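Protein chains: 2
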Amino acid sequence: MLSNHLQNGIETAKLVWSRIPNSEDGEVEGVGLLSTSDGNIVESLDYEVIENYAYREEQAQRGKLYVGYYVAVKWFFALLIGIGTGLAAVFINISVENFAGWKFELTFKIIQTSYLAGFLVYVLINLALVFSSVYIITHFAPAAAGSGIPEIKGYLNGIDIHGILLFRTLIGKIFGSIGSVGGGLALGKEGPLVHTGACIASLLGQGGSTKYHLSSRWFHVFKSDRDRRDLVTCGCAAGVAAAFRAPVGGVLFALEEVTSWWRSQLMWRVFFTSAVVAVVVRTAMGWCKSGKCGHFGSGGFIIWDIKDGQEDYSFRELLPMAVIGVIGGLLGALFNQLTIYVTRWRRNYLHKKGNRVKIYEACLISVLTSVVSFGLPLLRKCSPCPEADTEAGIECPQAPGIYGNYVNFYCSNNKEYNDLATIFFNTQDDAIRNLFSAKTFREFSAQSLLTFLVMFYTLAVVTFGTAVPAGQFVPGIMIGSTYGRLVGMFVVNFYQKLNIEEGTYALLGAASFLGGSMRMTVSLCVIMVEITNNLKLLPLIMLVLLISKAVGDAFNEGLYEEQARLRSIPLLESRPKYKMRQMTAKEACGNQKVLSLPRVVKVADVVSILRTNKHNGFPVIDHSRSGETLVIGLVLRSHLLVLLQSKLDFQHSPLPCDPSGGSRAMRHNFSEFAKPVSSKGLSIDDIHLSSDDLEMYIDLAPFLNPSPYVVPEDMSLTKVYNLFRQLGLRHVFVVPRASRVIGLITRRDLLIEDTEDSAILELQSTSRSS
Amino acid sequence: MLSNHLQNGIETAKLVWSRIPNSEDGEVEGVGLLSTSDGNIVESLDYEVIENYAYREEQAQRGKLYVGYYVAVKWFFALLIGIGTGLAAVFINISVENFAGWKFELTFKIIQTSYLAGFLVYVLINLALVFSSVYIITHFAPAAAGSGIPEIKGYLNGIDIHGILLFRTLIGKIFGSIGSVGGGLALGKEGPLVHTGACIASLLGQGGSTKYHLSSRWFHVFKSDRDRRDLVTCGCAAGVAAAFRAPVGGVLFALEEVTSWWRSQLMWRVFFTSAVVAVVVRTAMGWCKSGKCGHFGSGGFIIWDIKDGQEDYSFRELLPMAVIGVIGGLLGALFNQLTIYVTRWRRNYLHKKGNRVKIYEACLISVLTSVVSFGLPLLRKCSPCPEADTEAGIECPQAPGIYGNYVNFYCSNNKEYNDLATIFFNTQDDAIRNLFSAKTFREFSAQSLLTFLVMFYTLAVVTFGTAVPAGQFVPGIMIGSTYGRLVGMFVVNFYQKLNIEEGTYALLGAASFLGGSMRMTVSLCVIMVEITNNLKLLPLIMLVLLISKAVGDAFNEGLYEEQARLRSIPLLESRPKYKMRQMTAKEACGNQKVLSLPRVVKVADVVSILRTNKHNGFPVIDHSRSGETLVIGLVLRSHLLVLLQSKLDFQHSPLPCDPSGGSRAMRHNFSEFAKPVSSKGLSIDDIHLSSDDLEMYIDLAPFLNPSPYVVPEDMSLTKVYNLFRQLGLRHVFVVPRASRVIGLITRRDLLIEDTEDSAILELQSTSRSS
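Line by line, the protein sequences give chains A and B.
Residue 166 in our numbering is what sits at position 166 of the first sequence, and the numbering runs on without skipping anything.
For any residue, its number in our numbering is found by taking its place in the second sequence, counting from 1, and adding 1000.
(1) Using a Cβ-Cβ cutoff of less than 7 Å, which residues in the same chain neighbour A/Ser-314 once the five nearest sequence positions on both sides are dropped?
(2) Please report the Cβ distance between A/Ile-698 and A/Val-606, rounded to the nearest whole angstrom; I am assuming they are in contact, meaning their Cβ atoms lie under 8 Å.
(3) Along the chain, where does the alpha helix (DSSP H) containing B/Tyr-1697 start, and where does it finish?
(4) Please list the partners that B/Lys-1439 has in chain A, where partner means a Cβ-to-Cβ separation under 7 Å.
(5) By DSSP, does B/Asn-1093 sit in helix, in strand, or in coil?
(6) Within its chain, find whatever has a CB closer than 8 Å to the CB of B/Ser-1095; leave out the 5 residues flanking it on each side and keep chain order.
(7) Any idea what DSSP makes of B/Glu-1501, helix, strand or coil?
(8) Using a C-beta cutoff of 8 Å, does A/Gln-726 count as contacting chain B?
(9) Closer than 8 Å, CB to CB, is B/Met-1542 near chain A or not?
(10) Would the beta-carbon of B/Gly-1480 fall within 8 Å of that of B/Leu-1514?
(11) Is A/His-295 helix, strand or coil when you go by DSSP?
(12) Quick check: is the beta carbon of B/Cys-1589 nearer than 8 Å to any beta carbon in chain A?
(13) B/Glu-1628: which of A/Val-620, A/Ser-626, A/Arg-740, A/Glu-695 sits nearest, CA to CA?
(14) Whole angstroms is fine: what's the gap from A/Ala-506's alpha carbon to A/Tyr-483's?
(15) For B/Trp-1287, count neighbouring C-beta atoms within 10 Å of its own C-beta (all shown protein chains included) and say buried if the count is 16 or more, exposed if not.
(16) Give the residues of chain B in contact with A/Phe-271, contact being defined as C-beta atoms less than 9 Å apart.
(17) By the 10 Å Cβ neighbour count, where 16 or more other Cβ atoms means buried, how is B/Glu-1573 classified, buried or exposed?
(18) Looking only at C-alpha atoms, which of B/Leu-1231, B/Asn-1336, B/Val-1071, B/Tyr-1070 sits nearest to B/Ala-1564?
(19) Under 6 Å Cβ to Cβ from B/Thr-1440, same chain only, skipping five residues before and after it: list those, please.
(20) Any idea what DSSP makes of A/Leu-538, helix, strand or coil?
(21) Going along chain A in order, which residues have a C-beta closer than 9 Å to the C-beta of B/Pro-1539?
(22) Do A/Val-642 and A/Leu-682 have their C-beta atoms within less than 8 Å of each other?
(23) Name the DSSP beta bridge partners of B/Tyr-1417, please?
(24) Quick one: using the 10 Å Cβ neighbour count with 16 as the cut-off for buried, is B/Lys-1614 buried or exposed?
(25) Would you list the one or two residues that DSSP bridges to A/His-639?
(26) Given a threshold of 16 other Cβ atoms within 10 Å of its Cβ, counted over all protein chains shown, does A/Gly-291 qualify as buried or as exposed?
(27) Report the CB separation of A/Pro-150 from A/Ile-569 in whole angstroms; it is logged as a contact under 8 Å.
(28) Between A/Ile-41 and chain B, is there a C-beta pair that is closer than 8 Å?
(29) Could you give the uninterrupted runs of the alpha helix (DSSP H) lying entirely in the region 1511-1537 of chain B, keeping only those of 4 residues or more?
(30) Determine the burial state of B/Asp-1038: buried for a count of at least 16 other Cβ atoms within 10 Å of its Cβ, exposed for fewer.
(31) Could you name the residues of the same chain whose beta carbon sits closer than 7 Å to that of A/Ile-83, not counting the 5 residues immediately before and after it, in chain order?
(32) Report the three-state DSSP secondary structure of B/Thr-1746 (helix, strand or coil).
(33) Would you list, in chain order, the members of the region 1729-1746 of chain B that have their beta-carbon closer than 9 Å to a beta-carbon of chain A?
(34) Does the beta-carbon of B/Ala-1446 have 16 or more other beta-carbons within 10 angstroms, so that it is buried, or is it exposed?
(35) How far does the alpha helix (DSSP H) with B/Gly-1239 in it extend, from its first residue to its last?
(36) According to DSSP, simplified to helix, strand and coil, what is A/Arg-56?
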């Protein structure tokens, strides 16, 4: 059927396209497509050869050895990501704990003599820390602001956002979050750790940072986007595992919240990375126990062991727990809504005015936070210490700044404590520990908890969106545990006989707020279980999450989705929109004219086409001698730009080049075609061509993707969407209905068994069986 | 371009195809496709209308109300599955515990006077229980034999195996596993519980069992395969959650091991089902605590709380732990290999001879198991009780049959115990509890453990594949914990100073064997953590699993994959085979001739085509008046059979029917087209047509899928495989290359926003916008 001429073109395309790494279909391919010798696209299997053709030819002799090498590198990278993220987490934690510890120590020393002087010192230290953070972000790494989770989610969905995975972003994230968290703002270090893990993974995947000369040829193994995205997924899981010391939670978070394509093979490697992080963190903490890390020993990683808490629950308690769920849903949805308004306002009015305004803003919020957290406890009257508690081993009062409950702050009497200071004038980790604590009935007055809730909620909303690295996990836990404890207090008063702990209700409150705001389910549940080290409360946490998520969903989308939308990150959701049912593929394309290129194209034409539109892919059409036309493939803008820049393939003749094409294709080092991760890539304006060049021709056949996926013109858009989304494509051709069916492929046709020998045989032979 | 005539045919197809539930693309659609008014296939979204056209028209007025109803039914079913599976699990556990408890009680009473009489009673009770189980299976529910997990995995992969989800299978599974587990065979009740959960879910999904008149019209909501498969996924998770009281483990098991398509929306419902199970089981156990359930109170659900075990570990212990991992990998792979041989031998020689042989076989194995478990401890010399242990609150010796260590069995001295009887002559749950127990150093001699390991391993291999419901989890834990404890003993002797518990090593051994045999990772890890109620050991379990899985993978595939292969369940794996790289779509079809049908086809032709081949789908081709041909869709064998049987659409004229087609399509109650779950469906031999009928014509246009997915003939088979596997298709058309590109669909074209109003508007209007 195909004329010889056309067949040759397609064969050439198949032969050479194969050598271009990171080709079209592989870009966001969940299953991971990569090109091979036959010019078509194959999955990059873990246990089989995965490299591009040129590299493969080189390695063909080594066969199995190379396969082993490739697999080993993958696992080695997973190990490195684990170690790197674990160490980054330890570094951030040690720094934050030391800054915060030193700050509180100094302040408390001074307030022995003067509260005013102490207050000033406290404000100034916080201001200095926040200033350093916002300065780093605005002047060095603007992409490191915020939590980074929406951006990573977008990246794993197939959107390349410039700058989010650079080396400078990594550095900015680490040091920025030390400043912002150490400076006492109402934000956490967990979201930034996820971003940190992703950055580490991405940098490893691209073989280090070339800009900072931290690159190594040894690491240039992963040229396909799929491998890089896999690594970033590992990095996300590692970040969560490091932030919460929750390895299983990390895996589930990566699975449920961030990735768009998931394979069960990947799970295994993600799991390994998380396990490595757990071991690294545990080792570091063991090392720090002996006091080598300054203030780190006492606080450190968030683990709120609630083993003294209530282990059982009666059915009568389910009602107040449901109430907590509803409150969580409402407050969470409100939080999402308020942060949308605040972020939109910031973007439209404030941040347009430049970096200076961003710095002023962050400093203002820092001062405000300091004033509130220092000032409010001063206004609070102290309570007398409870008597019974000495039995439980809990001292009262304690000097401020030391880990524990019943802090004596601005109290006239020696046997009194300030309940607001116990939660407010403290690091967030310690405050949560106090809120979760068991056997401390009536430590906090309802009035203090309410004050704290309102103030902290407001601060968290206002702080959200400032130009510093900021996580929402720990503030969410703070807010949730406050109203949880409040409900718990009423339950304790009301159901007097039961063995009820206010701390357990605080925990449920925390789960409910996170559920109501972030709308995660399984991963959040597992994270809560892992950070409290208590499995018995699992069904309760599930219940609360179910309710709060359902309530929240009635109002708006989850925090990350809303933020992604605000930042114009166009996430392709896993299910098609309702509207698409009524549309066909042709309608979706609209009236845009398709710009097709002929197989052999004049350079001047290419330049003018690339200049006049912004399409990233162009169909290539060939005419046989009989005048019949045939679509022979898709060529990418980025590949055209590489061809224009290198000029190696320019030819004088408007006729196709030699169909075998082998020798000419060899002119290229095919890694040129790999998509750059950390730069924006070539632009048509960067390329300078002489007028002689413009008169030349290029034969595109070797550089095109010979068989992109096609759909008939009147196919429902929902079906097209599913094809596009499930396979992670970038371009789909809409073509006329076929005139005949050559064959039908069914399940039976695809049940082909690989024999071990044939696989190896094929691996070593580069000739194509036809 | 399309001629009017053809366009009409396609439009008719679109209009009517929509009303056929359970259409082609929806069959194994992970994303879940279902037909709607515009004749194309859409995803069945949770929050939008999901029913077929006819039903929708009925419901169109109700609009949002119906959507709510549909969603509510989904959640209600999830609740019912949870309750049903939870109750089934409680019933099985209570029955097994009572049978076993009564058996041991009686035996021990008798051995006070005569060991021989006790032995005979013991053998006979076991025999009776096993006989009842194998009788039920062979005569009533043959599909209930084995664990059922490979079959469910196959079902969720898109393979319809007749009989695995029937009501009788459910009943057979429940009562059969009571007999086989209560009868003391070397198998567990966990695999069967997964199958039980899946059966309950499937029966709910099809609206009860029509054969047993347990059906309700109210439940006939789910007509698409996708919804049914979603329910079965919930059922699997519920089964695991019930078996191990591990809700998170259940979700992960469903995700990692059984499903082939997973959506994050589903996760949420699966999670809910698991949570319901946890609550049901907990409630039942609370109720049983007061002694209302006979022997159930003492043993019951497997939870081996190891809170007294070691909480910390030194780096020196990692070496013996790695050794456990390696042993687990080796023994697990060996187990898989041996069971393949045994199963193949059974299938080829033994089970061909009919049910009688199956019964003899199971009875023989029962007697053998009884003799070994009673006889071997008799041969073992008793050991003197340790002295220090009275402090730890552990008595020695204990009367046999009571939950605990240090069982006095056939000992001459009163202060002695029989270590082999402690693990062998006991229910498996209690034996594992004893092996896991802490603070019982040197309770077991190396000799006893080795004897037990060899004997039990052999029994487990031999028992595998008998015609009774059988799980491999608990036997796996038994085997693993035995050698784990053995290694632990050496470690205790070797590293004398550390706080090492043999029980912890037993736990790691159990994890390693399951990892080496089943090759699960995250889910197994979480299950182990949940059943031992100890999070501290998580990194160790991860380490051991990593090693044992890696070692096992070097030899063969996982247990379920191997068994699926043996039972000829053709699972489509998620990644394409290596060989496919070298093949094109056309080559995969082979030389098979494509049988196309014209749009209006003679009944006699349809009958002859259906008789002469076994294809399940046929392309339909139409000729325009100008002689141009065009593929207008795909018609399914099952739909043709329905048309032939009903005879409603037979017409005398060989011309196409009225293109509007509305009224004639209404002749059908479209649920006729739904795929039957529990029967094999129609066959061409069931249909009787008169010679007049054979001369009539059918217009197929209303009954075809107007746009199946197409691939160009020279596309690489790996790409075709990805399309097929990711979208869960049944048929793909191989067509010639297109001559032109009408449009290009990119990410930007698919970012269409649904406005709330338009969705509702469209919901209520049934007219198609064009």
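No residue lacks a Cβ here, since even glycine has one placed at the ideal position from N, Cα and C.
Just so it is clear, the structure is predicted and the values come from calculations on it, not from any experiment.
The short version:
(1) Here residue 314 of chain A refers to the residue found at position 314 of the first sequence. Answer for A/Ser-314: Leu-498, listed in chain order.
(2) Walking along the first sequence from the start, residue 698 of chain A turns up at place 698. Walking along the first sequence from the start, residue 606 of chain A turns up at place 606. Approximately 7 Å separates the beta-carbon atoms of A/Ile-698 and A/Val-606; this is inside 8 Å, confirming the contact.
(3) Your numbering for residue 1697 of chain B matches position 697 in the second sequence. Boundaries around B/Tyr-1697 are those of the beta strand (DSSP E), 1697-1699, since no alpha helix (DSSP H) includes it.
(4) As a working mapping, residue 1439 of chain B is identified with position 439 in the second sequence. Going along chain A, no residue has its Cβ under 7 Å from B/Lys-1439, so there is no contact; the nearest lies around 20 Å.
(5) Locating residue 1093 of chain B in the second sequence gives position 93, where the first residue counts as 1. If DSSP states are grouped into helix, strand and coil, B/Asn-1093 belongs with the helices.
(6) For the purposes of this step, residue 1095 of chain B is identified with residue 95 of the second sequence, where counting begins at 1. Cβ within range, chain order: Ile-1178, Gly-1182.
(7) One-based indexing of the second sequence puts residue 1501 of chain B at position 501. The answer is coil: DSSP assigns B/Glu-1501 none of H, G, I, E or B.
(8) Taking the first residue of the first sequence as 1, we reach residue 726 of chain A at position 726. Taking Cβ atoms only, chain B reaches closer than 8 Å to A/Gln-726, which makes this a yes.
(9) To locate residue 1542 of chain B, count along the second sequence from 1; it is residue 542. At least one chain A Cβ lies under 8 Å of B/Met-1542.
(10) For the purposes of this step, residue 1480 of chain B is taken as the residue at position 480 of the second sequence. For the purposes of this step, residue 1514 of chain B is taken as the residue at position 514 of the second sequence. Cβ atoms of B/Gly-1480 and B/Leu-1514: closer than 8 Å.
(11) As a working mapping, residue 295 of chain A is identified with position 295 in the first sequence. Correct three-state label for A/His-295: helix.
(12) If you number the second sequence from 1, residue 1589 of chain B lands on position 589. Taking Cβ atoms only, chain A reaches closer than 8 Å to B/Cys-1589, which makes this a yes.
(13) In the second sequence, the residue the question calls residue 1628 of chain B occupies position 628. The shortest Cα separation from B/Glu-1628 among A/Val-620, A/Ser-626, A/Arg-740, A/Glu-695 belongs to A/Arg-740.
(14) Locating residue 506 of chain A in the first sequence gives position 506, where the first residue counts as 1. Locating residue 483 of chain A in the first sequence gives position 483, where the first residue counts as 1. Cα-Cα distance, rounded: 7 Å.
(15) Here residue 1287 of chain B refers to the residue found at position 287 when the second sequence is read from its first residue. By the neighbour-count rule (16 or more Cβ atoms within 10 Å), B/Trp-1287 is not buried but exposed.
(16) The sequence position of residue 271 of chain A within the first sequence is 271, counting from 1. Taking a Cβ-Cβ threshold of 9 Å, the residues of chain B close to A/Phe-271 are Thr-1521, Val-1522, Cys-1525, Met-1542, Leu-1545, Leu-1546, in chain order.
(17) Working through the second sequence from its first residue, we reach residue 1573 of chain B at position 573. In this structure B/Glu-1573 is exposed. Its beta-carbon is surrounded by fewer than 16 other beta-carbon atoms within 10 angstroms.
(18) Translated into the one-based positions of the second sequence, residue 1564 of chain B becomes position 564. Of all alpha-carbon atoms in B/Leu-1231, B/Asn-1336, B/Val-1071, B/Tyr-1070, the one lying nearest the alpha-carbon of B/Ala-1564 is that of B/Asn-1336.
(19) For the purposes of this step, residue 1440 of chain B is taken as the residue at position 440 of the second sequence. Correct list, in chain order: Asn-1405.
(20) Position 538 of the first sequence, counting from 1, holds the residue named residue 538 of chain A. Of the three classes helix, strand and coil, the one that applies to A/Leu-538 here is helix, per DSSP.
(21) Locating residue 1539 of chain B in the second sequence gives position 539, counting from the first residue. Result: Pro-247, Ala-275, Ala-278, Val-279, Arg-282.
(22) Position 642 of the first sequence, counted from the start, is the residue given in the question as residue 642 of chain A. Position 682 of the first sequence, counted from the start, is the residue given in the question as residue 682 of chain A. Contact: yes.
(23) Residue mapping note: residue 1417 of chain B aligns to position 417 of the second sequence, counting from 1. The partner list for B/Tyr-1417 (beta bridge, DSSP) reads B/Ser-1383.
(24) Numbered from its first residue, the second sequence carries residue 1614 of chain B at position 614. The residue is exposed, with fewer than 16 neighbouring Cβ atoms inside 10 Å.
(25) Here residue 639 of chain A is taken as the residue at index 639 of the first sequence, counted from 1. Note: A/His-639 sits in no beta bridge, so no partner.
(26) Counting from one through the first sequence, the residue named residue 291 of chain A turns up at place 291. A/Gly-291 comes out exposed.
(27) What you label residue 150 of chain A is simply residue 150 of the first sequence in a count that begins at 1. What you label residue 569 of chain A is simply residue 569 of the first sequence in a count that begins at 1. Between A/Ile-569 and A/Pro-150 the Cβ distance is about 6 Å, and since that is below 8 Å, they are a contact.
(28) Along the first sequence, read from residue 1 onward, the residue named residue 41 of chain A stands at position 41. Because A/Ile-41 carries a pLDDT of 30, less than 50, the predicted location of this residue cannot be relied on, and the following value inherits that uncertainty. So yes, A/Ile-41 belongs to the interface.
(29) 1522-1532
(30) One-based indexing of the second sequence puts residue 1038 of chain B at position 38. Note that B/Asp-1038 scores a pLDDT of 30, beneath 50, so its modelled location is shaky; the value from the coordinates is reported in the next line. Buried, by the Cβ-count rule.
(31) The count along the first sequence starts at 1 and reaches residue 83 of chain A at position 83. Around A/Ile-83: Val-276, Val-280.
(32) To locate residue 1746 of chain B, count along the second sequence from 1; it is residue 746. Three-state result, B/Thr-1746: strand.
(33) From the region 1729-1746 of chain B, only Leu-1729, Arg-1730, His-1731, Val-1732, Phe-1733, Val-1734, Val-1735, Pro-1736, Arg-1737, Ala-1738, Ser-1739, Arg-1740, Val-1741, Ile-1742, Gly-1743, Leu-1744, Ile-1745, Thr-1746 have a Cβ closer than 9 Å to chain A.
(34) Locating residue 1446 of chain B in the second sequence gives position 446, where the first residue counts as 1. Under this definition B/Ala-1446 is an exposed residue.
(35) To locate residue 1239 of chain B, count along the second sequence from 1; it is residue 239. Its alpha helix (DSSP H) spans residues 1225-1244.
(36) Position 56 of the first sequence holds residue 56 of chain A. Reliability of the predicted coordinates at A/Arg-56 is poor, the pLDDT of 43 falling under 50, and the value obtained from them is presented with this limitation in mind. Correct three-state label for A/Arg-56: helix.
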